[in-house]
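Visitor: Heads up: take any position in the sequence shown, counting from 1, add 435, and you land on the working numbering.
All C-beta atoms in this analysis are idealised placements derived from N, C-alpha and C, irrespective of residue type, glycine included.
Nothing here was measured: the structure is a model prediction, and the numbers come from that model.
Let me begin by handing over the structure; questions about it come next.
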Amino acid sequence: MVEPLKKNSSMGKRKGPVLLIIMDGVGYGKYEQGDGFRAALTPNLDGLMADHPTVKMKAHGKAVGLPSDEDMGNSEVGHNAIGCGRVFAQGAKLVSASIETGKMFSGDTWNKLASNCRDKDSTMHFIGLLSDGNVHSHINHLRKMIEKAKEDGVKTVRVHALLDGRDVGETSALDYFDPFEDFCKELSADDFSARIASGGGRMVITMDRYGANWNMVKLGWDTHVLGLGRSFSTSHEAIETLREESGAIDQDLPAFVIAEDGKPVGTIEDGDSVVFFNFRGDRALEITKAFESGDDFSEFDRKRVPAVEYAGMMEYDGDLHIPAQYLVSPPAIDRTMSEYLAASGVKSFAISETQKYGHVTYFFNGNKLGKFDEELETFEEILSDVVPFEQRPWMKCADITDRVLEVIDTGEYDFIRMNYPNGDMVGHTGVFPAVVCSLEGLDLCIGRLRKAVEEAGGVMIISADHGNSDDMYEHDKKTGDVKKNDLGKPKAKTAHSLNPVPCIIYDPAGKGEYKAQLKEGLGISSLAATTLEFLGFEAPEGYDPSVLEYK
436 MVEPLKKNSS MGKRKGPVLL IIMDGVGYGK YEQGDGFRAA LTPNLDGLMA DHPTVKMKAH
496 GKAVGLPSDE DMGNSEVGHN AIGCGRVFAQ GAKLVSASIE TGKMFSGDTW NKLASNCRDK
556 DSTMHFIGLL SDGNVHSHIN HLRKMIEKAK EDGVKTVRVH ALLDGRDVGE TSALDYFDPF
616 EDFCKELSAD DFSARIASGG GRMVITMDRY GANWNMVKLG WDTHVLGLGR SFSTSHEAIE
676 TLREESGAID QDLPAFVIAE DGKPVGTIED GDSVVFFNFR GDRALEITKA FESGDDFSEF
736 DRKRVPAVEY AGMMEYDGDL HIPAQYLVSP PAIDRTMSEY LAASGVKSFA ISETQKYGHV
796 TYFFNGNKLG KFDEELETFE EILSDVVPFE QRPWMKCADI TDRVLEVIDT GEYDFIRMNY
856 PNGDMVGHTG VFPAVVCSLE GLDLCIGRLR KAVEEAGGVM IISADHGNSD DMYEHDKKTG
916 DVKKNDLGKP KAKTAHSLNP VPCIIYDPAG KGEYKAQLKE GLGISSLAAT TLEFLGFEAP
976 EGYDPSVLEY K
């Protein structure tokens, strides 16, 4: 338990609520071409940035706990940083360190998985995203684990590889699959066999989150576990054929099974070991539940549930302890802003639609699924539409806004945090006109909130968890020129960006307590201290500094 917060002697609490608005995936683009945020007509945001304190914040790399500044930020680590007010070493960094030091392989879980296969002459399976995007997984982690499995006497390894095309180039799959197939062939010998056994696009199979579309998980189960689906002799053949037939980019490629002599090469059977090698938790929980749940599992008919030793790369839910076994301990995030507010008697309201609901609750609260105080905290989920985001780019931003306006009107809550998913979820589609539309819809909502906040005497802090919509085209790093596809059109970029994000302060009831020039060079972890100051408190010891500089 934490102690209640101390009162802020430099600034008192405003009459109305403090709104923390997270525009997911909205940053300042480095290039004009492909910057959806710059291209969109956003008069409300433009006016706020022109007339009110605004500063750029870091939202990637070391500023959010990732290994290097070449690593893109993401929604998980972004919300962790915003919610806990400081930076913790995150998944990619922890896993890499655990492998480099050998800690992973000396742990009980790895040894249990390996000895299970060795004793039973069974197969070790790896399921996860095959890329170096370093948001959900990294291919180098997988390579090291397969090498160690061979060293530890495991005779058969099968990989169930999901195509990325979201955190990396939209049609870059063969850049990963072909060299990985070569790696498996070189490693294989008379007493060891490593092969890709199945695959499919990450937005089609396996990697659903927040219960948005359990059919994705069912299709993943059928593909990886049961070996059901269209079969090919190699992953290269599967990717090229399905890409040509469907016209889909990697993340949307249909599922496939690798077969030999008409039989799948890697179904998951009793006695096998299974590692889900993604380190990020949100898209790992559902497939984990399918493996670990007993007869009470009701989301879909699994048809056959093999008795396996299952482990995740990390513990994906620290409260529910999911999975039961994991290879690397996640960061122990404590002293979050929500915990302090609950201890201080502050009523808070958190809202987003399904696609980001877990981020503004679970990740924001330091990977904690529940609440710190049931009476003081309210979480509300607006159900997302199950349609391609480019077909409905405004998503549920109007519905979220409608509900927040109602909440402001009640005067019940001191702190309201919300996430608009548009810039990120539509940004990942690579469809530039849809991104522009999504941000224009978001801007209309910001205008509605501004009016309500002014009438209530509140404060609006507008920021983002990372960039995405601001960098929609691939550019040559040396020249800055837009890369073109085979049709001569700009090559879409579906990954997050390395760009800074805005921090906009709208404080119509302000009395001039702080300077109009906000502190520069800070990361989004500083949003916590900023929010607490507007709520009338001092930030706890150890929190990264607020953007406010008092006169």
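Expressed to the nearest angstrom, what Euclidean distance is found between the alpha-carbon atoms of Gly697 and Asp506?
Guide: If you number the sequence shown from 1, residue 697 lands on position 262. If you number the sequence shown from 1, residue 506 lands on position 71. Taking the straight line from one Cα to the other gives about 42 Å.
Visitor: Inspect the CB distances between the stretch 837 to 854 and the stretch 783 to 792 and report whether three or more fall short of 8 Å.
Guide: With a cut-off of 8 Å, the stretch 783 to 792 and the stretch 837 to 854 count as touching, because enough Cβ pairs lie within range.
Visitor: Following the continuous beta strand (DSSP E) through Gly634, name the residue where it begins and the one where it ends.
Guide: The residue you call residue 634 lines up with position 199 of the sequence shown. 628 to 636 is the extent of the beta strand (DSSP E) around Gly634.
Visitor: I think Leu874 touches Gly858, with their Cβ atoms under 8 Å apart; what is that distance to the nearest whole Å?
Guide: Taking the first residue of the sequence shown as 1, we reach residue 874 at position 439. Taking the first residue of the sequence shown as 1, we reach residue 858 at position 423. Contact check for Leu874 and Gly858: beta-carbon distance about 6 Å, within the 8 Å limit, so the pair qualifies.
Visitor: At which residues does the alpha helix (DSSP H) containing Arg883 begin and terminate?
Guide: Here residue 883 refers to the residue found at position 448 when the sequence shown is read from its first residue. That run of the alpha helix (DSSP H) goes 867 to 891.
Visitor: Can you tell me whether Val453 is helix, strand or coil according to DSSP?
Guide: Within the sequence shown, the letter at position 18 stands for residue 453. Residue state, collapsed to three classes: strand.
Visitor: Would you call His571 buried or exposed, if buried means 16 or more other Cβ atoms sit within 10 Å of its Cβ?
Guide: Counting from 1 along the sequence shown, the entry for residue 571 is found at position 136. Within a 10 Å sphere around the beta-carbon of His571 sit 16 or more other beta-carbons, which makes this residue buried.
Visitor: What residue range does the alpha helix (DSSP H) around Ala485 cover?
Guide: The residue labelled residue 485 in the question sits at position 50 within the sequence shown. Where Ala485 is concerned, the enclosing alpha helix (DSSP H) stretches over 478 to 486.
Visitor: Using the beta-carbon count (16 or more within 10 Å), is Ala725 buried or exposed?
Guide: Counted from its first residue, the sequence shown places residue 725 at position 290. Classification for Ala725: buried.
Visitor: Please state whether DSSP places Asp587 in a helix, a strand or coil.
Guide: Within the sequence shown, the letter at position 152 stands for residue 587. Note: Asp587 maps to coil in three-state DSSP.
Visitor: Do Ser904 and Gly462 have their CB atoms nearer than 9 Å?
Guide: Looking up residue 904 in the sequence shown gives position 469. Looking up residue 462 in the sequence shown gives position 27. With respect to the 9 Å criterion, Ser904 and Gly462 are classified as neighbours on the basis of their beta carbons.
Visitor: In terms of residue numbering, what span does the beta strand (DSSP E) encompassing Met559 cover?
Guide: Here residue 559 is taken as the residue at index 124 of the sequence shown, counted from 1. It spans 558 to 564 - the beta strand (DSSP E) in which Met559 sits, taken as one unbroken run.
Visitor: Per DSSP, what are the beta-bridge partners of Lys493 in this structure?
Guide: Walking along the sequence shown from the start, residue 493 turns up at place 58. DSSP output for Lys493 lists Gly958 as bridge partner(s).
Visitor: The beta strand (DSSP E) with Val894 in it runs from where to where?
Guide: On the sequence shown, position 459 is the one that residue 894 refers to. Looking at the DSSP string, the run of the beta strand (DSSP E) that includes Val894 is 894 to 898.
Visitor: Which same chain residues, not among the five before or five after Met860, have their C-beta less than 7 Å away from its C-beta?
Guide: On the sequence shown, position 425 is the one that residue 860 refers to. The answer, listed in chain order, is Gln790, Phe824, Met830.
Visitor: Please identify the residue among Ile674, Thr669, Gly635, Asp705 whose C-alpha is closest to the C-alpha of Glu695.
Guide: Residue 695 sits at position 260 when you count from the first residue of the sequence shown. Out of Ile674, Thr669, Gly635, Asp705, Thr669 has the C-alpha closest to the C-alpha of Glu695.
Visitor: Is Val437 closer than 9 Å to Phe850 when the C-beta atoms are compared?
Guide: Translated into positions along the sequence shown, residue 850 becomes position 415. Translated into positions along the sequence shown, residue 437 becomes position 2. It is not a contact, given that the beta carbons lie outside the stated cut-off.
Visitor: Check Thr813 in the structure and name its three-state DSSP category.
Guide: Here residue 813 refers to the residue found at position 378 of the sequence shown. DSSP places Thr813 within a strand segment (E or B) once states are collapsed to three.
Visitor: For the stretch 610 to 628 against the stretch 680 to 689, are there 3 or more C-beta pairs whose distance is under 8 Å?
Guide: Taking one beta carbon from each stretch, the stretch 610 to 628 and the stretch 680 to 689 have fewer than 3 pairs nearer than 8 Å; the two do not touch.
Visitor: Using 8 Å as the Cβ pair cut-off and three pairs as the minimum, do the stretch 704 to 714 and the stretch 618 to 626 touch?
Guide: no
Visitor: For Lys928, which option in Asp942, Asp911, Val936 has the closest C-alpha, if you only look at C-alpha atoms?
Guide: Working through the sequence shown from its first residue, we reach residue 928 at position 493. Cα-wise, what sits closest to Lys928 is Asp911.
Visitor: According to DSSP, is Glu847 part of a helix, a strand, or is it coil?
Guide: For this step, residue 847 is matched to residue 412 along the sequence shown. Glu847: coil per DSSP, three-state reduction.
Visitor: Given a cut-off of 9 Å on the beta-carbon distance, is the pair Ala899 and Ala494 in contact?
Guide: Position 464 of the sequence shown holds residue 899. Position 59 of the sequence shown holds residue 494. For Ala899 and Ala494, yes; Cβs fall inside 9 Å.
Visitor: Let's see if you can read the secondary structure: which residues bound the alpha helix (DSSP H) around Pro937?
Guide: One-based indexing of the sequence shown puts residue 937 at position 502. Where Pro937 is concerned, there is no enclosing alpha helix (DSSP H), although the beta strand (DSSP E) it sits in stretches over 936 to 941.
Visitor: Measure from the alpha carbon of Arg665 to the alpha carbon of each residue in Pro699, Asp687, Asp769, Asn650, then state which is nearest.
Guide: In the sequence shown, residue 665 corresponds to position 230, counting from 1. Measuring from the Cα of Arg665, the nearest candidate turns out to be Pro699.
Visitor: Using 8 Å as the cut-off, can you tell me whether the stretch 914 to 932 makes contact with the stretch 443 to 457, which would need three or more C-beta pairs spanning the two stretches below that distance?
Guide: no
Visitor: What do you reckon, are the CB atoms on Ser708 and Val740 nearer than 9 Å?
Guide: As a first step, residue 708 must be located in the sequence shown, where it is residue number 273. As a first step, residue 740 must be located in the sequence shown, where it is residue number 305. Against a cut-off of 9 Å, the Cβ pair of Val740 and Ser708 comes out as no contact.
Visitor: Assuming the contact rule is C-beta atoms closer than 8 Å, Gln415 and Met651 should be a hit. Round their C-beta distance to whole Å, please.
Guide: The shown model of the chain, from 436 to 986, leaves out residue 415, and the question about it has no answer.
Visitor: If you run the structure through DSSP and keep just helix, strand and coil, what is Ile768?
Guide: Mapped onto the sequence shown, residue 768 falls at position 333. The answer is coil: DSSP assigns Ile768 none of H, G, I, E or B.
Visitor: Is it buried or exposed, Pro439, if we count other Cβ atoms within 10 angstroms and call 16 or more buried?
Guide: Start at 1 with the first residue of the sequence shown, and residue 439 comes out as number 4. Burial call: exposed.
Visitor: Taking the straight line between their C-alpha atoms, what separation do you get for Ile674 and Lys954?
Guide: The sequence position of residue 674 within the sequence shown is 239, counting from 1. The sequence position of residue 954 within the sequence shown is 519, counting from 1. Taking the straight line joining both Cα atoms gives about 48 Å.
Visitor: How would you write the range of the beta strand (DSSP E) that Glu788 sits in, first residue to last?
Guide: For the purposes of this step, residue 788 is taken as the residue at position 353 of the sequence shown. Segment 783 to 788, the beta strand (DSSP E) holding Glu788.
Visitor: Tell me the DSSP bridge mates of Phe667?
Guide: By one-based count along the sequence shown, residue 667 stands at place 232. The partner list for Phe667 (beta bridge, DSSP) reads Ile693.
Visitor: Asp752 bridges to which residues according to DSSP?
Guide: The residue given as residue 752 occupies position 317 in the sequence shown. According to DSSP, Asp752 bridges with Ile757.
Visitor: Inspect the CB distances between the stretch 762 to 774 and the stretch 728 to 738 and report whether three or more fall short of 8 Å.
Guide: The stretch 728 to 738 and the stretch 762 to 774 do not touch, with fewer than three beta-carbon pairs separated by less than 8 Å.
Visitor: Assuming the contact rule is C-beta atoms closer than 8 Å, Gly716 and Tyr751 should be a hit. Round their C-beta distance to whole Å, please.
Guide: Residue numbering aside, residue 716 sits at position 281 when the sequence shown is read from its first letter. Residue numbering aside, residue 751 sits at position 316 when the sequence shown is read from its first letter. With a Cβ gap of about 3 Å, Gly716 and Tyr751 count as contacting.
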